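**Student:** My numbering applies: residue 19 is where the sequence shown begins, and numbers increase by one.
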Amino acid sequence: MIQYNISIFVENKIEEQAIKALTKHIVPELNAWDFVEQAHVFEISSHQEPDSKGFSVQCLIPQSEEIRKEAIENLISNFFLAEFPNQFVYFPSQLRRL
Numbered sequence: 019m020i021q022y023n024i025s026i027f028v029e030n031k032i033e034e035q036a037i038k039a040l041t042k043h044i045v046p047e048l049n050a051w052d053f054v055e056q057a058h059v060f061e062i063s064s065h066q067e068p069d070s071k072g073f074s075v076q077c078l079i080p081q082s083e084e085i086r087k088e089a090i091e092n093l094i095s096n097f098f099l100a101e102f103p104n105q106f107v108y109f110p111s112q113l114r115r116l
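#1: At which residue ranges does the segment 54-114 contain complete beta strand (DSSP E) runs of 3 or more residues, listed in the order of the chain?
#2: Can you list, in chain order, the residues of its chain whose CB lies under 6 Å from that of F60, leaving out five sequence neighbours each side?
#3: How far does the alpha helix (DSSP H) with I37 in it reach, from first residue to last?
#4: Measuring straight from C-alpha to C-alpha, what distance separates N49 and E91?
#5: Does any residue of chain D bring its CB to less than 9 Å from the CB of E67?
#6: If you measure between the beta carbons of D69 and E101, is that distance less than 9 Å?
#7: Looking only at its chain, what residues have a beta carbon closer than 6 Å to the beta carbon of P110, apart from the 5 residues adjacent to it on each side?
#8: Measuring straight from C-alpha to C-alpha, what distance separates Q112 and N104?
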C-alpha cells in the first residue's frame with residue numbers, strides 16, 4: 019500500500035473556498051475512483067506562514083496502482099488552477115509501507 023499525499027498551501031483569502039473545494043469536490047471524487055482505497059483531507063497545523071493555510075490530501079492506493087498517482091495530482095492541480103489561479107502551491111509526496 020502507498021500513501022500518496024498532496025500538500026497544498028493557499029492564500030488566506032481563499033481558505034474557506036479551498037476547504038469547500040477539498041471536502042465537497044476533491045475528496046469525494048477521489049473516493050469514487052476504483053483504485054483509491056481511501057482519501058482524506060487534513061489541515062496542516064504545523065504550517066507557520068502567516069500569509070497562507072496548509073492542507074494535506076492523503077490517498078491510500080495499492081502499490082500495483084502506483085502509476086496512476088499522477089491522476090490524483092492532476093485532479094487537484096487542474097481544479098485549483100482553474101478555480102484559484104496564482105493563489106496556491108502544492109507539493110506531492112509518497113510514503114511506502116516497509
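Note that CB positions come from ideal geometry on N, CA and C, so glycine has one too. Small disclaimer: the values here were computed from a predicted structure and weren't measured.
**Tutor:** The short version:
#1: 56-61, 70-79, 106-114
#2: Position 42 of the sequence shown, counting from 1, holds the residue named residue 60. Result list for F60: S74, in chain order.
#3: Along the sequence shown, read from residue 1 onward, the residue named residue 37 stands at position 19. Per DSSP, I37 belongs to the alpha helix (DSSP H) from 33-38.
#4: What you label residue 49 is simply residue 31 of the sequence shown in a count that begins at 1. What you label residue 91 is simply residue 73 of the sequence shown in a count that begins at 1. Distance between the alpha carbons of N49 and E91: 14 Å.
#5: Within the model displayed, chain D is absent; a lone protein chain is all it includes.
#6: Walking along the sequence shown from the start, residue 69 turns up at place 51. Walking along the sequence shown from the start, residue 101 turns up at place 83. Not a contact, by the Cβ cut-off of 9 Å.
#7: If you number the sequence shown from 1, residue 110 lands on position 92. Counting only Cβ-Cβ distances below 6 Å, and skipping sequence neighbours, we find I24, E91.
#8: Indexing the sequence shown from 1 puts residue 112 at position 94. Indexing the sequence shown from 1 puts residue 104 at position 86. Computed Cα separation, rounded: 25 Å.
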